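*Asks:* Reading the sequence shown from the start, the letters are residues 304 to 388 in my numbering. Glycine included, C-beta positions come from ideal geometry on N, C-alpha and C. Remember, predicted model here, so these are calculated numbers, not experimental data. Supplied in structure tokens, the structure appears directly below.
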Amino acid sequence: MAKEKTPTVTGTVMYLGPTLRGARHVVHGTIFKGGVPRHLEKELTADPDYAALFVPVADVGAARKELKNATSVLAHCARRVAEKG
């Protein structure tokens, strides 16, 4: 069985999830040029909810609108990430 791989987030992205501390330390609204830093890649692979919150800058407007809708997939991802810390 082939090992499932989470796609690497590349390009300029913005983190739209809650501010986190510890190994996942990232602040809401941080922009990453050239994709997500290497120290966060392992976390993205392990947690698809966390990965979903790194949004290409071209999609930030729509993603922010989606986050305001409490029943949206992205809002659920943000809630689960906040609960995990």
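Should V358 go down as buried or exposed, given a rule of 16 or more other Cβ atoms within 10 Å for buried?
*Replies:* If you number the sequence shown from 1, residue 358 lands on position 55. Flag for V358 reads buried.
*Asks:* Which residues bound the beta strand (DSSP E) around P351?
*Replies:* Sequence index remark: in the sequence shown, residue 351 carries index 48 (1-based). Counting along the chain, P351 falls outside any beta strand (DSSP E), though it belongs to the alpha helix (DSSP H) covering P351 to A355.
*Asks:* Just to confirm, are C380 and L356 a CB contact at a threshold of 8 Å?
*Replies:* The residue labelled residue 380 in the question sits at position 77 within the sequence shown. The residue labelled residue 356 in the question sits at position 53 within the sequence shown. A contact, by the Cβ cut-off of 8 Å.
*Asks:* T309: buried (16+ other C-beta within 10 angstroms of its C-beta) or exposed?
*Replies:* Stepping through the sequence shown from its first residue, residue 309 is reached at position 6. No answer about T309 holds up, because its pLDDT of 45 lies below 50 and its placement is not dependable.
*Asks:* Given E307, which residues of its chain have a CB within under 7 Å of its CB, disregarding the five upstream and five downstream residues?
*Replies:* Here residue 307 corresponds to residue number 4 of the sequence shown, with the count starting at 1. Summary for E307: the model assigns pLDDT 42, below 50, so the residue's position carries little reliability; its value from the coordinates is reported in the next sentence. Here the set comprises nothing.
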